[in-house]
Amino acid sequence: MKNFYLRLLMGLTTYASCQAQITITSDDMFNQPGEYYRAYANQPPALLNRFPVTVAGRIGEPGGPHYWDFTEGPTDEIYRYEYIERENTIVWNSFKEATIAERSYRESEPGDYAYIMFDEVENLGRKVFGFWIINAQFDDPSTKFTLPIIDFPAQINYGDSWTTTAEYPNTLLGIPAVYTEVQTFDVDAYGYLELPELGVLECLRINSVKDFSAAIDFNGTGTFTNIDRQFARIYYWLVPGKGIAAQMVSEPSGNPVSEQFNLATMFQRMFETNKVAKDAGCREAEPVDGLNIIYQPNLVRLKWDAAACAQSYRVQTAYGQDPVLEWMDLSPANYQETFFIDTLLNGHKMKLYRVISQRNN
Numbered sequence: 021m022k023n024f025y026l027r028l029l030m031g032l033t034t035y036a037s038c039q040a041q042i043t044i045t046s047d048d049m050f051n052q053p054g055e056y057y058r059a060y061a062n063q064p065p066a067l068l069n070r071f072p073v074t075v076a077g078r079i080g081e082p083g084g085p086h087y088w089d090f091t092e093g094p095t096d097e098i099y100r101y102e103y104i105e106r107e108n109t110i111v112w113n114s115f116k117e118a119t120i121a122e123r124s125y126r127e128s129e130p131g132d133y134a135y136i137m138f139d140e141v142e143n144l145g146r147k148v149f150g151f152w153i154i155n156a157q158f159d160d161p162s163t164k165f166t167l168p169i170i171d172f173p174a175q176i177n178y179g180d181s182w183t184t185t186a187e188y189p190n191t192l193l194g195i196p197a198v199y200t201e202v203q204t205f206d207v208d209a210y211g212y213l214e215l216p217e218l219g220v221l222e223c224l225r226i227n228s229v230k231d232f233s234a235a236i237d238f239n240g241t242g243t244f245t246n247i248d249r250q251f252a253r254i255y256y257w258l259v260p261g262k263g264i265a266a267q268m269v270s271e272p273s274g275n276p277v278s279e280q281f282n283l284a285t286m287f288q289r290m291f292e293t294n295k296v297a298k299d300a301g302c303r304e305a306e307p308v309d310g311l312n313i314i315y316q317p318n319l320v321r322l323k324w325d326a327a328a329c330a331q332s333y334r335v336q337t338a339y340g341q342d343p344v345l346e347w348m349d350l351s352p353a354n355y356q357e358t359f360f361i362d363t364l365l366n367g368h369k370m371k372l373y374r375v376i377s378q379r380n381n
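Now the structure itself:
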């Protein structure tokens, strides 16, 4: 019987590019108790009035690299976002799983708090369980999602897309209601963002559409009737070490909102934070680690841990008896799985493997 020798070589391939796109990771987002940031914004909508701001020509196009100059903009309000750990207060009663909250308020109205209740899950992202807010639309300020959502994944790259669906019950003037928010996210642009006090920063832009609907149980029979549906388009600019550094939110509409809109119900720009960047952003994929191999007479199975900042992998092979190793691709282009099965053994005495993590810049 011929012996089959299996060797592993782990490698890293890096492509240099003057227009390379960054990766945003959980370390770049706000998820640690004690962190905060402050942001300028326009006056928020009131019950009977809206105070939109003109953003025509400032949204930009997909692709990149682009430059967004947000040094100028509305300063009617300053919002403060604080990240706090669990407290023994009424806010946390309905959110047993949450470990941290984003507490936001206008500095002109310091007691008017809103909370987003979440947990930062390793290799998954921000797991949101619901929110707490005193709002004329809800009888109960504590609003828990039927199922939690991952709104910002642990790793975000240019070209990524995902969808969340948040459903939550509440009551309106004592009438049972169910609200549904379906939100799509497309990382469609990249480049540089200039902010007041913070300077010029690399960024990714997320183009998001929120589809909001409400249904009411008028008769208390458990049958819900749709009463409202509205759309809004939201742009997020994500920056290494500073998370969501800017936002634009369109005015609500009964129809999907165009990618280019003239008026924003909110235009917000970060100008101060105490967050300390931890390996902010990344341009290079980390080497593959945790590789495990199983050999059977008819196949070889390779499996490895996801490499930080990697967008794809190349599984390659070479024959050990060759005087000069010639590495050949086994995996297809843009291979994103963290396993590979090779069935082309062909009785070679020695077959070498390597897995290369890479970015698709």
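Take the sequence shown: its position 307, counted from the start at 1, is 327 in our numbering, and no numbers get skipped.
Yeah, the Cβ is synthetic: ideal placement off N, Cα and C, and Gly gets one too.
> Distance, Cα to Cα, Gly261 vs Leu364?
Replying inline: Here residue 261 corresponds to residue number 241 of the sequence shown, with the count starting at 1. Here residue 364 corresponds to residue number 344 of the sequence shown, with the count starting at 1. The straight-line gap from Cα to Cα measures roughly 45 Å.
> Unbroken beta strand (DSSP E) runs of length 3 or more, entirely within the stretch 324-358: which are they?
Replying inline: 332-339
> Cys223 and Gly240: beta carbons closer than 8 Å?
Replying inline: Numbered from its first residue, the sequence shown carries residue 223 at position 203. Numbered from its first residue, the sequence shown carries residue 240 at position 220. Contact flag unset, no.
> Name the DSSP beta bridge partners of Gly211, please?
Replying inline: Locating residue 211 in the sequence shown gives position 191, counting from the first residue. Bridge partners of Gly211: His86, Cys223.
> Based on Cα-Cα distance, which residue from Ile176, Ala328, Arg146 lies nearest to Thr119?
Replying inline: To locate residue 119, count along the sequence shown from 1; it is residue 99. Ranking Ile176, Ala328, Arg146 by Cα distance to Thr119 puts Arg146 first.
>> Assuming Asp171 is part of the beta strand (DSSP E), what are its boundary residues?
In response: Counting from one through the sequence shown, the residue named residue 171 turns up at place 151. Asp171 -> beta strand (DSSP E) spans 162-173.
>> Tell me the rounded alpha-carbon separation between Tyr57 and Ile176.
In response: Here residue 57 is taken as the residue at index 37 of the sequence shown, counted from 1. Here residue 176 is taken as the residue at index 156 of the sequence shown, counted from 1. Going from the Cα of Tyr57 to the Cα of Ile176 covers about 21 Å.
>> Once DSSP output is grouped into helix, strand and coil, what is the label at Cys38?
In response: Within the sequence shown, the letter at position 18 stands for residue 38. In this prediction, Cys38 has a pLDDT of 40, which is less than 50 and means its spatial position is unreliable; what the coordinates show is noted afterwards. Coil at Cys38, not helix or strand.
>> In the DSSP output, what is Val259 paired with across the bridge?
In response: Translated into positions along the sequence shown, residue 259 becomes position 239. Val259 is bridged to Gly263.
> Under the DSSP definition of a beta bridge, which residues are partnered with Asn147?
Replying inline: Residue mapping note: residue 147 aligns to position 127 of the sequence shown, counting from 1. One detail in the question is off: residue 147 reads as Lys in this sequence, not Asn. Partner(s): Asp139, Ile170.
> Helix, strand or coil: which one does DSSP assign to Ile314?
Replying inline: On the sequence shown, position 294 is the one that residue 314 refers to. It is a strand residue.
>> Residues in the same chain with beta-carbon distance under 6 Å from Thr185, minus the five sequence neighbours each way, listed in chain order, please.
In response: Walking along the sequence shown from the start, residue 185 turns up at place 165. Cβ neighbours of Thr185 beyond the five flanking positions: Val202.
> Asn143: which of Ser278, Phe50, Pro173, His86 sits nearest, CA to CA?
Replying inline: Looking up residue 143 in the sequence shown gives position 123. Of Ser278, Phe50, Pro173, His86, the residue nearest in Cα terms is Pro173.
>> Give me the residue from Asp325, Asn318, Glu81 with the minimum Cα distance to Val308.
In response: Locating residue 308 in the sequence shown gives position 288, where the first residue counts as 1. The option with the nearest alpha carbon to Val308 is Asp325.
> Nearest to Gly310 by alpha carbon, out of Ala235, Ala266, Ser377?
Replying inline: As a position in the sequence shown, residue 310 is number 290, starting the count at 1. Ranking Ala235, Ala266, Ser377 by Cα distance to Gly310 puts Ser377 first.
> Secondary structure at Val277, three-state DSSP: helix, strand or coil?
Replying inline: The residue labelled residue 277 in the question sits at position 257 within the sequence shown. The answer is coil: DSSP assigns Val277 none of H, G, I, E or B.
> Quick one: is Val75 buried, meaning 16 or more other Cβ sit within 10 Å of its Cβ, or exposed?
Replying inline: Counting from one through the sequence shown, the residue named residue 75 turns up at place 55. It is buried - the Cβ of Val75 has at least 16 other Cβ atoms within 10 Å.
> Would you call the CB atoms of Asn319 and Phe359 closer than 8 Å?
Replying inline: For the purposes of this step, residue 319 is taken as the residue at position 299 of the sequence shown. For the purposes of this step, residue 359 is taken as the residue at position 339 of the sequence shown. Just to set this straight, residue 319 is Leu in the shown sequence, not Asn. Against a cut-off of 8 Å, the Cβ pair of Phe359 and Leu319 comes out as no contact.
> Any contact of the stretch 57-72 with the stretch 287-295, i.e. 3+ C-beta pairs under 8 Å?
Replying inline: yes
> Three-state secondary structure (DSSP) at Ile79?
Replying inline: Counted from its first residue, the sequence shown places residue 79 at position 59. Reduced to three states, the DSSP call for Ile79 is coil.
>> Can you tell me whether Gln267 is buried or exposed? The criterion is at least 16 other CB atoms within 10 Å of its CB, across all chains shown.
In response: The sequence position of residue 267 within the sequence shown is 247, counting from 1. Per the 10 Å Cβ criterion, buried.
> What separation, rounded to the nearest whole angstrom, lies between the Cα atoms of Thr163 and Ala338?
Replying inline: Position 143 of the sequence shown holds residue 163. Position 318 of the sequence shown holds residue 338. Going by the C-alpha atoms only, they are around 57 Å apart.
> Contact check, Asp208 vs Pro82 under 8 Å by CB: the rounded distance?
Replying inline: As a working mapping, residue 208 is identified with position 188 in the sequence shown. As a working mapping, residue 82 is identified with position 62 in the sequence shown. About 4 Å separates the two Cβ atoms, so the contact holds.
> Which residues does DSSP pair with Trp112 in a beta bridge?
Replying inline: Sequence index remark: in the sequence shown, residue 112 carries index 92 (1-based). According to DSSP, which records beta bridges pairwise, Trp112 is partnered with nothing at all.
>> Going by DSSP in three states, Ser46 sits in which element: helix, strand or coil?
In response: For the purposes of this step, residue 46 is taken as the residue at position 26 of the sequence shown. Of the three classes helix, strand and coil, the one that applies to Ser46 here is helix, per DSSP.
>> In whole angstroms, give me the CA-to-CA distance for Thr285 and Asn113.
In response: Counting from one through the sequence shown, the residue named residue 285 turns up at place 265. Counting from one through the sequence shown, the residue named residue 113 turns up at place 93. Looking at the two C-alpha atoms, the distance is approximately 32 Å.
> Excluding sequence positions up to five away, which residues of its chain have a Cβ less than 6 Å from the Cβ of Trp257?
Replying inline: Residue 257 sits at position 237 when you count from the first residue of the sequence shown. So the qualifying residues of the chain are Leu213, Cys223, Arg225, Ala265, Ala266.
> Which term fits Arg27, buried or exposed, when burial requires 16 or more other beta carbons within 10 angstroms of its beta carbon?
Replying inline: Your numbering for residue 27 matches position 7 in the sequence shown. Here Arg27 scores only 41 on pLDDT, less than 50, and its place in the model should not be relied on; the value that follows carries that caveat. Exposed: under 16 other Cβ atoms inside 10 Å.
>> For a test of the three-state rule: what should DSSP assign to Val202, helix, strand or coil?
In response: Within the sequence shown, residue 202 is the residue found at index 182, counting from 1. Strand at Val202.
> Measuring CA to CA, which of Glu140, Trp347, Asp180, Ile79 is closest to Ala121?
Replying inline: As a first step, residue 121 must be located in the sequence shown, where it is residue number 101. Ala121 has its Cα closest to that of Glu140, out of Glu140, Trp347, Asp180, Ile79.
> Is the Cβ-Cβ distance between Phe151 and Met137 less than 8 Å?
Replying inline: Taking the sequence shown and counting its residues from 1, the one referred to as residue 151 is at position 131. Taking the sequence shown and counting its residues from 1, the one referred to as residue 137 is at position 117. Cβ distance < 8 Å, so Phe151 and Met137 count as in contact.
> Beta carbon of Arg253, beta carbon of Ser270: below 8 Å?
Replying inline: As a first step, residue 253 must be located in the sequence shown, where it is residue number 233. As a first step, residue 270 must be located in the sequence shown, where it is residue number 250. Yes.
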